[in-house]
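In our numbering, the protein residues as written are 272 to 459.
Glycine included, every Cβ here is placed at the ideal spot set by N, Cα and C.
Just so we're clear, the structure is a prediction, and the values are computed from it rather than from any experiment.
What follows is one structure encoded as structure tokens, with my remarks underneath.
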Amino acid sequence: MPDCFIHETAIVDGNCRIGKGTRIWHFSHVLANSVIGENCVLGQNVMVGPDVVIGNRCKIQNNVSIYKGITLEDGVFCGPSCVFTNVNNPRAEIEKKEQFSDTRVRQGATIGANATILCGIELGEYSFIAAGAVVTRDVTPFALVAGAPAKQVGWVGHYGERLGDDLVCPKTGRQYSLTANGLLKAGD
Numbered sequence: 272m273p274d275c276f277i278h279e280t281a282i283v284d285g286n287c288r289i290g291k292g293t294r295i296w297h298f299s300h301v302l303a304n305s306v307i308g309e310n311c312v313l314g315q316n317v318m319v320g321p322d323v324v325i326g327n328r329c330k331i332q333n334n335v336s337i338y339k340g341i342t343l344e345d346g347v348f349c350g351p352s353c354v355f356t357n358v359n360n361p362r363a364e365i366e367k368k369e370q371f372s373d374t375r376v377r378q379g380a381t382i383g384a385n386a387t388i389l390c391g392i393e394l395g396e397y398s399f400i401a402a403g404a405v406v407t408r409d410v411t412p413f414a415l416v417a418g419a420p421a422k423q424v425g426w427v428g429h430y431g432e433r434l435g436d437d438l439v440c441p442k443t444g445r446q447y448s449l450t451a452n453g454l455l456k457a458g459d
């Protein structure tokens with residue numbers, strides 16, 4: 272994989288594909304049959320796989336594990352030490368691999384430091400999970416959620432800025448609106 276950087280302390284198992292421009296840092300491990308897109312950054316002590324798909328331009332900060340059944344679409348940010356579960360009620364003495372549930376993180380979503388995402392959840396595109404939140408159910412696109420359990424506390428735009436009551440991004444001026452079913456829709 273000559274078009275990417277893999278630190279000498281990182282391990283990449285067989286049958287993996289790593290995209291051009293991707294950087295994998297100290298003590299990380301990419302397990303068999305995983306696919307990582309282009310221009311991604313995996314920080315220190317990141318574990319991926321086996322059989323995981325990560326899109327392009329994703330940033331996974333230090334001490335994050337992306338287990339089998341988790342899919343990260345393009346442009347996802349995983350903050351330091353955020354946690355994904357793969358079983359809802361694990362026990363060390365009982366094998367529950369048949370209970371693994373798929374988790375999908377849609378394009379552009381942000382997961383804050385130390386947040387926990389229970390398995391079987393979908394995080395909508397450009398949603399924003401606050402640091403330390405515990406997500407126990409699906410999150411709609413552009414929703415800002417916080418707390419334990421996580422509850423929606425607002426909206427964010429593509430740029431990652433919290434939207435005010437006028438639903439206009441304070442950085443870009445992009446206008447958003449609410450649909451009839453209460454979801455946020457981006458204007459042109």
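Tell me whether residue i is buried or exposed, calling it buried when 16 or more other Cβ atoms sit within 10 Å of its Cβ.
i, result
"Glu344", "buried"
"Pro412", "buried"
"Ser448", "exposed"
"Thr443", "exposed"
"Thr280", "exposed"
"Ala419", "exposed"
"Arg328", "buried"
"Ala451", "exposed"
So what does DSSP say about residue i, is it helix, strand or coil?
i, result
"Glu369", "helix"
"Gly330", "It should be pointed out that residue 330 corresponds to Lys in this sequence rather than to Gly. Of the three classes helix, strand and coil, the one that applies to Lys330 here is strand, per DSSP."
"Leu358", "In the sequence on display, residue 358 carries Val and not Leu. Reduced to three states, the DSSP call for Val358 is coil."
"Gly453", "coil"
"Gly379", "coil"
"Ser398", "coil"
"Leu389", "coil"
"His300", "strand"
"Ser305", "coil"
"Leu438", "coil"
"Val317", "coil"
"Val312", "strand"
Between the alpha carbons of residue i and residue j, how many angstroms are there, rounded?
i, j, result
"His429", "Ala386", "20 Å"
"Lys367", "Pro361", "7 Å"
"Trp296", "Ala404", "26 Å"
"Ile331", "Pro321", "16 Å"
"Phe371", "Ala363", "15 Å"
Can you list, in chain order, the residues of its chain whose CB lies under 7 Å from that of residue i, leaving out five sequence neighbours each side?
i, result
"Val424", "Leu415, Val416, Ala417"
"Ile374", "One detail in the question is off: residue 374 reads as Thr in this sequence, not Ile. Gly340, Ile341, Phe355, Ile388, Cys390, Gly391, Ile392."
"Gly314", "Trp296, Ile331, Gln332, Asn333"
Start and end of the beta strand (DSSP E) containing residue i?
i, result
"Ile341", "341-343"
"Trp426", "422-426"
"Leu415", "414-417"
Grab me the residues of residue i's own chain with a C-beta within less than 6 Å of its C-beta, minus the 5 sequence neighbours each way, in chain order.
i, result
"His300", "Ile282, Met318"
"Asn545", "No answer is possible for residue 545: it lies beyond the span of the chain, which begins at 272 and ends at 459."
"Val410", "Leu394, Gly395, Ser398, Val416"
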